[in-house]
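If you read the sequence shown in my numbering, its first letter stands for residue 19, the second for the next number, and so on.
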Amino acid sequence: MRGGNKSPTPSLTLLLIIFYTFSTNARFIPPDNYLIDCGSPQNTILDDGRTFKSDPQSVSFLSTDENIFATSNTLPENTSLPLYKTARIFNSESVYKFLVYQPGRHFLRLYFYPLHHPDYNLTTAVFSVKTEGLTLLHDFSASQNSHFKEYIVNVTNDNFLLTFSPLKKSFAFVNGIEFVSAPNELVPESATALSPPGVFSGVLGCDLQVVHRVNVGGPNITPKNDTLSRTWVSDSHGYMMFPKGNKVVVVDPSGVKYPVGGATPLIAPNSVYSSAASMADSGVSVPNFNLTWEMNVDPGFNYLIRLHFCDVVSASLNSLYFNVYVNGLTGVSGLDLSSLTSGLAMAYYKDFVVNASSVSNGVIRVQVGPSDLESTTPNAILNGLEIMKMSNSAGSLDGLFSSGSNSPGGSKRVTRTVAEAAGIAIGVVMLIVLIFSLVRRKNKARGWDEGGNSFTSWFLPLNASYCSSLLSSKSKSKNGYSSVLFSKVGLSRSFSFNELRDATKNFDESAVIGVGGFGKVYIGEIEEGTKLAIKRGNPRSSQGINEFQTEIELLSKLRHRHLVSLIGYCDENNEMILVYEYMENGPLRDHLYGSKPALPSLTWKQRLEISIGAARGLHYLHTGGSSHGIIHRDVKTTNILLDDNFVAKVSDFGLSKTGPTLDQTHVSTAVKGSFGYLDPEYFRRQQLTDKSDVYSFGVVLFEILCARPALDPTLPREQVNLAEWAMHKQRKGVIESIVDPKIVKSISSESLIKYVEAAEKCLAEYGVDRPSMGDVLWNLEFALQLQDASMQLDPPEEDDDTCKGKKMKMVASESMKKDEMKKNSDSDVSILINDDSGVVMGSPLFSKMEDIEGR
Numbered sequence: 019m020r021g022g023n024k025s026p027t028p029s030l031t032l033l034l035i036i037f038y039t040f041s042t043n044a045r046f047i048p049p050d051n052y053l054i055d056c057g058s059p060q061n062t063i064l065d066d067g068r069t070f071k072s073d074p075q076s077v078s079f080l081s082t083d084e085n086i087f088a089t090s091n092t093l094p095e096n097t098s099l100p101l102y103k104t105a106r107i108f109n110s111e112s113v114y115k116f117l118v119y120q121p122g123r124h125f126l127r128l129y130f131y132p133l134h135h136p137d138y139n140l141t142t143a144v145f146s147v148k149t150e151g152l153t154l155l156h157d158f159s160a161s162q163n164s165h166f167k168e169y170i171v172n173v174t175n176d177n178f179l180l181t182f183s184p185l186k187k188s189f190a191f192v193n194g195i196e197f198v199s200a201p202n203e204l205v206p207e208s209a210t211a212l213s214p215p216g217v218f219s220g221v222l223g224c225d226l227q228v229v230h231r232v233n234v235g236g237p238n239i240t241p242k243n244d245t246l247s248r249t250w251v252s253d254s255h256g257y258m259m260f261p262k263g264n265k266v267v268v269v270d271p272s273g274v275k276y277p278v279g280g281a282t283p284l285i286a287p288n289s290v291y292s293s294a295a296s297m298a299d300s301g302v303s304v305p306n307f308n309l310t311w312e313m314n315v316d317p318g319f320n321y322l323i324r325l326h327f328c329d330v331v332s333a334s335l336n337s338l339y340f341n342v343y344v345n346g347l348t349g350v351s352g353l354d355l356s357s358l359t360s361g362l363a364m365a366y367y368k369d370f371v372v373n374a375s376s377v378s379n380g381v382i383r384v385q386v387g388p389s390d391l392e393s394t395t396p397n398a399i400l401n402g403l404e405i406m407k408m409s410n411s412a413g414s415l416d417g418l419f420s421s422g423s424n425s426p427g428g429s430k431r432v433t434r435t436v437a438e439a440a441g442i443a444i445g446v447v448m449l450i451v452l453i454f455s456l457v458r459r460k461n462k463a464r465g466w467d468e469g470g471n472s473f474t475s476w477f478l479p480l481n482a483s484y485c486s487s488l489l490s491s492k493s494k495s496k497n498g499y500s501s502v503l504f505s506k507v508g509l510s511r512s513f514s515f516n517e518l519r520d521a522t523k524n525f526d527e528s529a530v531i532g533v534g535g536f537g538k539v540y541i542g543e544i545e546e547g548t549k550l551a552i553k554r555g556n557p558r559s560s561q562g563i564n565e566f567q568t569e570i571e572l573l574s575k576l577r578h579r580h581l582v583s584l585i586g587y588c589d590e591n592n593e594m595i596l597v598y599e600y601m602e603n604g605p606l607r608d609h610l611y612g613s614k615p616a617l618p619s620l621t622w623k624q625r626l627e628i629s630i631g632a633a634r635g636l637h638y639l640h641t642g643g644s645s646h647g648i649i650h651r652d653v654k655t656t657n658i659l660l661d662d663n664f665v666a667k668v669s670d671f672g673l674s675k676t677g678p679t680l681d682q683t684h685v686s687t688a689v690k691g692s693f694g695y696l697d698p699e700y701f702r703r704q705q706l707t708d709k710s711d712v713y714s715f716g717v718v719l720f721e722i723l724c725a726r727p728a729l730d731p732t733l734p735r736e737q738v739n740l741a742e743w744a745m746h747k748q749r750k751g752v753i754e755s756i757v758d759p760k761i762v763k764s765i766s767s768e769s770l771i772k773y774v775e776a777a778e779k780c781l782a783e784y785g786v787d788r789p790s791m792g793d794v795l796w797n798l799e800f801a802l803q804l805q806d807a808s809m810q811l812d813p814p815e816e817d818d819d820t821c822k823g824k825k826m827k828m829v830a831s832e833s834m835k836k837d838e839m840k841k842n843s844d845s846d847v848s849i850l851i852n853d854d855s856g857v858v859m860g861s862p863l864f865s866k867m868e869d870i871e872g873r
């Protein structure tokens, strides 16, 4: 073409550029390409060849002419990026305005590092960042670390507005900005939904935040080596959960091929597809384990998960079959890459959507494992993964805050129906705020207003109706701390923020004893050594607000020896803190396994008594907690706490629900809980009953017996799920083979039979076939009585295998007869449970057991 007599037409030139771009590994040429080194007096050229314009050249984009810069001669640790050496500071709301040549998907990348400035302490800056109709960051603080935020936003206008809004009496800053066109093919039209299974077709309507981008099996990939200037982090940085089972496979990147109509170099560079994690010889007895990666995410959002695959391990077609799991849900079963791509070393990717209810404890877990357990060479691979947060219905990627009404010239991303509903909601909120303001003004006139914010600042406007029903008045308590009396709650004590801050040594990280979606739990000491568990909520967590609300509503009504007690609160300085009784011996799980250093093993009798205590607490919830009963919905060993006398108490009621009314059989609700403990019937039908708690408690019983987690991905496939594995062993009649070796010799065969029988019934597939918690409690009490009787009657020397076998058959037969007697006569057994958890057993059966004890 260069040697021709005529220059190509513009349209032909464009076609040639497009052909070259997609027929080679050439970089994508973005129509919009704004790169700004904020605060820099000169242009900055990065090692990948990109030039970031100096701040004076970029000032035409800004709505403010205020020039406040911070500079440093040194870079923060763990980065060589020169963008972090300068920053621009904003004292008031400031807007960057970029002209958009081609609407569509754009990368927006923001760089933050709090540099030193003589007049501004950037570590204390609190601000929000918004675009038109979308909140990117809400009340963001960069602390003392460098922060990189990456988004893929859909731009529909000719101008793109990026707004920095400092919190009142604070300021904002930014070190660098990228606003660059992205290929529209990066965001799919639909993806595979995991819960409930199906197709999610709403991806295109969402903006995305890239939370994790991981090169599995390979090194870090810098923007210099990526087709779209992206950064890929090696999975060796703490993502891989089972490194000894991981075998890294690396091939020449030039050997990676891209199938027609499938993955392209823009989806991921060949350096991602040329390395993979595969299964190694882990030293386990059966090598059918899962490779597992875990990533921390914000709760309360849906996530788009993109997994990258390339079969660089197989020698022939159709020799690799494996399963893909996300948070315990099956994404793909029997994935055969060679059938999908018609070759080996062919790039392939798969998109999934995980909804917020499936994200437990702020973690997304990706697993791959062999699907053919009979195969002599089980294997599974993963080459790369990306986790992208999806904007919520409020138009936000950081909490539930909508930015549409505050963005200059903002185009609303809501339908007319939604707008009308929002208008009604705003009207209601304004009315509540007006009433609340009048109450505060009246209280202030009476000298009751002490300044600061209260619980209501958390709930308004999203939870205003609940807050207005809680607030009643303010007064002074004897100890001088402000006391809010809630008409529905009635908490007895108000703690000052200073008091709790002192109790936790300024909320020192060393005092943290637990972390959840609500925030952190600290141990604190007040008043001559009294220990408390102090739950400090995170106001940016919508999950935390809902959990706090549920805990307040429930625990204020419940008092029981086997439920953890809520004893007070703090309502100052925009804080939301609840104070509980401190449980000296912590979660039950720590006494079974996983604690470092390991704690002394519990005896079998202690485990029985703990099981009984937890069952009493749950039975009270189901029958005495309210007129309709209460379903805990998250029964597990970490939510069963032990006091200094090893008395078990059920805790964490953030997911609890009021049970069905008399004319209902269930409560229809989104599935929530913890994987490994979830009732499969509830999971399938999204119909919650108290039998869902019973199922979870059955898993807990086997966890107590076997001293291993409910889910352990490091084990062979058939052993991963404790409930399935225990039931398999029970059906084979060899349950004792998986009992905790530390207690197996001390358990009487009679007690073991009764205990396992109780656990087995709890795990029935259908709720109607499961016992009530009262029946479970009865069986556990019986197992304890049998253990006590055996300790007194059976001399150790007679405990040979033959004697045990005969005794097990006799007791099993006797147990069946007695259970039949129990069913035939309501008067046979009466278990009365009150707030003191006293158990009255008037059964002839227990009379006989008492006679045995007396011999």
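Heads up, the beta-carbon is just placed ideally off N, CA and C, and yes, glycines get one too. Because the structure is a prediction, the values reported are computed rather than measured.
- The beta carbons of residue 511 and residue 399 sit no closer together than 8 Å.
- Within its own chain, the residues whose Cβ lies closer than 7 Å to the Cβ of residue 281, once the five positions on either side in sequence are excluded, are 365, 366, 367, listed in chain order.
- The C-alpha of residue 143 is placed about 56 Å away from the C-alpha of residue 395.
- CA-CA distance, residue 341 to residue 236, rounds to 22 Å.
- Considering only 403, 380, 538, the residue with the shortest C-alpha distance to residue 386 is 403.
- Put simply, of 126, 191, 271, 219 the residue whose alpha carbon is nearest the alpha carbon of residue 57 is 191.
- Contact between residue 802 and residue 658 is ruled out by a C-beta separation of about 17 Å, above the 8 Å threshold.
- By the neighbour-count criterion, in which a residue is buried when 16 or more other Cβ atoms sit within 10 angstroms of its Cβ, residue 805 is buried.
- The three-state reading of DSSP puts residue 183 in strand, counting E and B together.
- In terms of Cα proximity to residue 270, the closest of 261, 285, 289, 254 is 289.
- Residue 717 holds the alpha-carbon nearest to the alpha-carbon of residue 783 among 220, 717, 596.
- Secondary structure in the stretch 51 to 115: the beta strand (DSSP E) runs of 3 residues or longer, each lying completely within the stretch, are 51 to 55, 69 to 72, 87 to 89, 104 to 108 in chain order.
- Judged by their CB atoms, residue 274 and residue 253 are not nearer to each other than the 8 Å cut-off.
- DSSP, reduced to helix, strand and coil, places residue 781 outside both helices and strands of the structure shown, so it counts as coil.
- Residue pairing from DSSP places residue 406 in a beta bridge opposite 228, 322.
- Listed in chain order, the non-local C-beta contacts of residue 773 below 6 Å within the same chain comprise 801, local neighbours out to five positions each way being set aside.
- Take residue 695, set aside five residues on each side of it, and the residues of its chain with a beta-carbon closer than 6 Å to its own are 654, 714, 717, 728, in chain order.
- For residue 605, the three-state secondary structure derived from DSSP is strand.
- Counting C-beta atoms within 10 angstroms of its own C-beta, residue 326 has 16 or more neighbours from the protein chains shown and is therefore classed as buried.
- Proximity to residue 580 across 284, 211, 669, 792 peaks at 669, based on C-alpha coordinates.
- DSSP places residue 212 inside the beta strand (DSSP E), whose first and last residues are 209 to 212.
- Under DSSP, residue 386 shares a beta bridge with 309, 342.
- The continuous alpha helix (DSSP H) containing residue 724 extends over residues 708 to 724.
- In this structure, the CA atom of residue 359 is about 29 Å from the CA atom of residue 125.
- The three-state secondary structure of residue 273, taken from DSSP, is helix.
- Counting every other CB atom within 10 Å of its CB across the protein chains shown gives residue 162 a total below 16, marking it as exposed.
- When the five nearest sequence neighbours on each side are left out, the beta carbons in the same chain lying within less than 8 Å of the beta carbon of residue 238 are those of 249, 250, 251, 252, in order along the chain.
- In the structure shown, the three-state DSSP call for residue 149 is strand.
- Of the candidates 656, 90, 284, 601, 601 places its Cα closest to the Cα of residue 662.
- Under a 10 Å Cβ-count criterion, residue 357 is classified as exposed, with fewer than 16 other Cβ atoms of the shown protein chains found around its own Cβ.
- DSSP links residue 588 through a beta bridge to 595.
- Residue environment: residue 262 is assigned as exposed (fewer than 16 neighbouring CB atoms within 10 Å of its CB, all protein chains considered).
- The criterion of a C-beta distance shorter than 8 Å is not satisfied by residue 347 and residue 209.
- When DSSP reads this structure, residue 139 sits in a beta bridge with 134.
- For residue 533, the CB contacts under 8 Å within the same chain, skipping 5 residues up- and downstream, are 539 in chain order.
- By the C-beta density criterion, residue 256 is exposed, having fewer than 16 other C-beta atoms within 10 angstroms.
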